[in-house]
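Quick note, the sequences are listed as chains Z and P, same order. My numbering puts the first residue of the first sequence at 1, with every later residue one more than the last. My numbering puts the first residue of the second sequence at 1001, with every later residue one more than the last. First comes the structure, then the notes that go with it.
There are 2 protein chains.
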Amino acid sequence: MSLSGWWLGFALVVLIATPEQGETFMQKNRKTALLQGDILIGALVSVHHQPKKQSIKTHTCGEIREQYGIQRVEAAFQAVDEINSNPDLLPNITLGIEIRDSCWYSSIALEQSLEFIRDALSDPSGLSSGAGSSLCPRPNNRTKNIVGVVGPGSSAVTIQVQNLLQLFNIPQVGYSATSRDLSDKSRFSDFLRVVPSDYYQAQVMIDIVRHYNWTYVSTVHTDGNYGQSGMTAFKELAEQFNLCIAKEDTVLSNAEDFVYDEVIKRLLEAERANVVVCFCEGMTVRNLFKATKRNNVTSRFLFIGSDGWADRTDVVKGLEDVFIGGISIKITSPYVHTFDELYFNLSPFNNT
Amino acid sequence: MSLSGWWLGFALVVLIATPEQGETFMQKNRKTALLQGDILIGALVSVHHQPKKQSIKTHTCGEIREQYGIQRVEAAFQAVDEINSNPDLLPNITLGIEIRDSCWYSSIALEQSLEFIRDALSDPSGLSSGAGSSLCPRPNNRTKNIVGVVGPGSSAVTIQVQNLLQLFNIPQVGYSATSRDLSDKSRFSDFLRVVPSDYYQAQVMIDIVRHYNWTYVSTVHTDGNYGQSGMTAFKELAEQFNLCIAKEDTVLSNAEDFVYDEVIKRLLEAERANVVVCFCEGMTVRNLFKATKRNNVTSRFLFIGSDGWADRTDVVKGLEDVFIGGISIKITSPYVHTFDELYFNLSPFNNT
């Protein structure tokens, strides 16, 4: 047994690496959006992009996101307003919502979830006060009564948040986390979602490939649970229907340009594989398109994308020549005209 | 835009799924082992197996583990004792350790990490009291001064714990988490480890395969970060050296028997692929061996295993006929004879 020797090793390393004094990330004041109510829904929305490689250490989020960020925040507020003004929904109860920024990033989402947990435990009705012994409830003058959490957007981040929330029996509802893994009720007992599992999406992709009699395709997926579980489903089906995979690659959404260049170079090696099936988050698709352009192979590939791409303009803007002929999948959802009315009448200067 | 419609959907689902009253998992009293000291190391050890499928909902851990559990606990205590009795190491400071059971399972490890965080924030020296505003420090009569966390064993669980600990700048040291992903300092800023990255292990596996001129092998990996990142590294190298992958499969460590039977059946489909490269946790290997035996194909495959298997007797006990001819990789570590002396003289009845 060599275990004892190892332990001696860690003990010393730990002592050298004692925590820094002063500020921790948890002290960072991130902006939140709050609509007060008798009961509150906590919502995690990626209002900013995930931290860039060089800003991860300071947990500084990236650029602001309109479609995945601001629009979802405004849509959430509109939905809550509609519920509150409808006498048939929750009569005599005012629903509120507190929206926090998850920045599409696990540790930031966990940080914000801890805030929700504190609020859930300090439920002024006293119903869940028994759990207060584990994590500190807020002082009594706090009046937030969080009853559940909605979001976040990313499957990988949702899984991590769910692992934390289930310890406190706080229900969580996903609005865009489609990973097949999240269907496993034994692992993710307090999670429900309003979007279908990626298992069905993989089937649609296979159907497209078979429809066009493509028998030799390459694949790329975003590193993380969404891409991995989706691509696993695709490959299981591909085997069943005797489709051959030429090259397969995986890449982090926020990887640097040269990493994407390498992906394109590897795809080019399979000379007769022109179709690239991409089970990717939107920003992975965008970076892949950019790399295609950078490497002057604009019309070489035909991309098939999942709902991470869907019909998002922020994915394809300025890269229209690259994705011509591409096919992407979008989850059916009705067009909400009242949202357009609200959204296009908002002013960024006074938010009214 | 259909976003508003979706949000209405979640809002209602959340309201139906309000939290259960009464006990949450965080109230569960899990046993801990504590050796008091001026400063404490928190340690996460998998003293029990992960919850079985049917016990996940109640977060009830599986069977007790001797090699990965009890032995590591005893080795940790011995290491701390050695440091304290050595006048050259940490003079005038008594090192202590608090060991918590992570059960090789993410949400249980997160639950136990929250306890460490509370102790770290209530540092009686007052050094890190600034962070106390975020998560509640324990009452003043608590005297635990956790300065860092060692463990847990699993890479996937380590990543989730690290995402939480880095919010509080609590350093973490891995003793067996070998995933290549954990080398990314920008994502896992407060993590160090005393074991090498799986990138090197994948190279060793490739070297073995090439040494024997095997050009057509199947692969299996444990679903989760350890298996995924290890297998990704293996496949990258396999492509480089023109090795062909016959079948590839992925399976959860605690999956049920019929799932493992299906894996074996798929491996059998590749009639000329006899070598199975398994980037797997120990229990995945054991379940695979059991399924091989159950399906009466004992001498059909030759398994190549990673350090999850290594030379562990708890993996192969009773299945010696299945693994004959197999090759597994073990990380170099010196034999600690003093540990044997201590361990074999312990009595399970009075723990002395």
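Heads up, the beta-carbon is just placed ideally off N, CA and C, and yes, glycines get one too.
Check, Outcome
"Alpha-carbon to alpha-carbon, P:Gly1325 and Z:Asn29", "58 Å"
"Three CB pairs or more closer than 8 Å across the segment 1145-1159 of chain P and the segment 1172-1187 of chain P", "yes"
"Secondary structure of P:Ser1241, DSSP reduced to three states", "In the sequence as presented, Ser is not what sits at residue 1241 of chain P; that position holds Phe. It is coil, neither helix nor strand."
"Residue of P:Lys1247, P:Ile1146, P:Val1073, P:Ile1056 minimising C-alpha distance to P:Tyr1105", "P:Ile1056"
"Coarse secondary structure for Z:Gln21, derived from DSSP in three states", "At Z:Gln21, the pLDDT of 37 sits below 50, so the modelled position is not reliable; the number obtained from the coordinates is stated separately. Correct three-state label for Z:Gln21: coil."
"Classification of Z:Ser328 by the beta-carbon crowding that lies within 10 angstroms, buried from 16 upward", "buried"
"Chain P residues whose Cβ lies nearer than 7 Å to that of Z:Leu346", "Within 7 Å Cβ-Cβ: nothing; Z:Leu346 doesn't reach chain P, min ~13 Å."
"Chain Z within 8 Å of P:Gly1126, Cβ atoms only", "Per-residue confidence for P:Gly1126 stands at a pLDDT of 41, beneath the threshold of 50, marking its modelled position as unreliable; the derived number appears in the next sentence. No, P:Gly1126 lies away from the interface with chain Z (no Cβ there is under 8 Å from its Cβ)."
"Boundaries of the beta strand (DSSP E) in which Z:Phe168 is found, first to last residue", "Note, Z:Phe168: premise wrong, no beta strand (DSSP E); not H, not E."
"Beta bridge counterpart(s) of P:Tyr1216 as assigned by DSSP", "P:Cys1244"
"Closer than 7 Å at the beta carbon, the chain P residues around Z:Ile264", "Residues of chain P passing the Cβ test: none, with the nearest at roughly 16 Å."
"Pick from Z:Ile97, Z:Ala109, Z:Gly305, Z:Asp321 that is closest to Z:Leu35, judged by C-alpha positions", "Z:Ile97"
"Assigned secondary structure, P:Leu1127 (DSSP; H/G/I helix, E/B strand, else coil)", "Its pLDDT being 40, under 50, P:Leu1127 is placed unreliably in this model, and the coordinates cannot settle the point."
"CA-to-CA distance, Z:Cys61 to Z:Cys103, given in whole angstroms", "6 Å"
"Pairwise C-alpha distance: P:Asp1261 and P:Asn1296", "11 Å"
"Residue nearest to P:Thr1215 in terms of C-alpha spacing, selected from P:Phe1344, P:Leu1243, P:Ala1291, P:Leu1302", "P:Leu1243"
"Sheet register partners of P:Ala1033 (DSSP bridge)", "P:Ile1099"
"P:Gly1305 vs P:Cys1278 beta-carbon contact at 8 Å", "yes"
"Closer than 7 Å at the beta carbon, the chain Z residues around P:Thr1250", "Thr232"
"Test: Z:Ser4 CB closer than 8 Å to a CB of chain P", "Any answer about Z:Ser4 is weak, because its pLDDT of 43 lies below 50 and its placement is not dependable; what the coordinates show is given next. Judged by the 8 Å Cβ criterion, Z:Ser4 is in contact with chain P."
"Near the ligand MN: Z:Thr338 beta-carbon under 7 Å from a heavy atom", "Of ligands this structure carries none, so the ligand MN is not represented either."
"Cβ-Cβ separation, P:Ser1229 to P:Glu1248 (assumed contact under 8 Å), whole Å", "Actually they are not in contact, since the Cβ atoms of P:Glu1248 and P:Ser1229 sit about 15 Å apart, beyond 8 Å."
"Sub-8 Å separation of P:Phe1344 and P:Ala1075 beta-carbons", "no"
"Neighbour flag for Z:Ile324 against chain P, beta carbons, 8 Å", "no"
"Classification of Z:Lys31 by the beta-carbon crowding that lies within 10 angstroms, buried from 16 upward", "exposed"
"Span of the beta strand (DSSP E) around Z:Val47", "That residue, Z:Val47, is in no beta strand (DSSP E); it is neither H nor E in DSSP."
"Coil, strand or helix - P:Thr1222 by DSSP", "strand"
"Neighbour list for P:Asn1163 in chain Z, Cβ cutoff strictly below 7 Å", "Ser106, Ser107, Leu110, Gln160"
"Selection from P:Pro1196, P:Asn1169, P:Asn1287, P:Asn1163 that minimises the alpha carbon distance to P:Ile1146", "P:Asn1169"
"The segment 217-248 of chain Z: positions lying closer than 7 Å to chain P by Cβ", "Gln228, Thr232"
"CA-to-CA distance, P:Glu1271 to P:Gln1172, given in whole angstroms", "46 Å"
"Residue range of the unbroken alpha helix (DSSP H) whose run includes Z:Ile353", "Nothing can be reported for residue 353 of chain Z: it is not among the residues displayed for chain Z, which extend from 1 to 352."
"Where P:Thr1178 falls: helix, strand or coil (DSSP)", "coil"
"Inter-residue Cα distance where the pair is P:Val1322 and P:Arg1286", "10 Å"
"Contact set for Z:Ile206: own chain, Cβ-Cβ below 6 Å, skip 5 residues either direction", "Leu237"
"Contact with chain P by Z:Leu167, beta-carbon distance below 8 Å", "yes"
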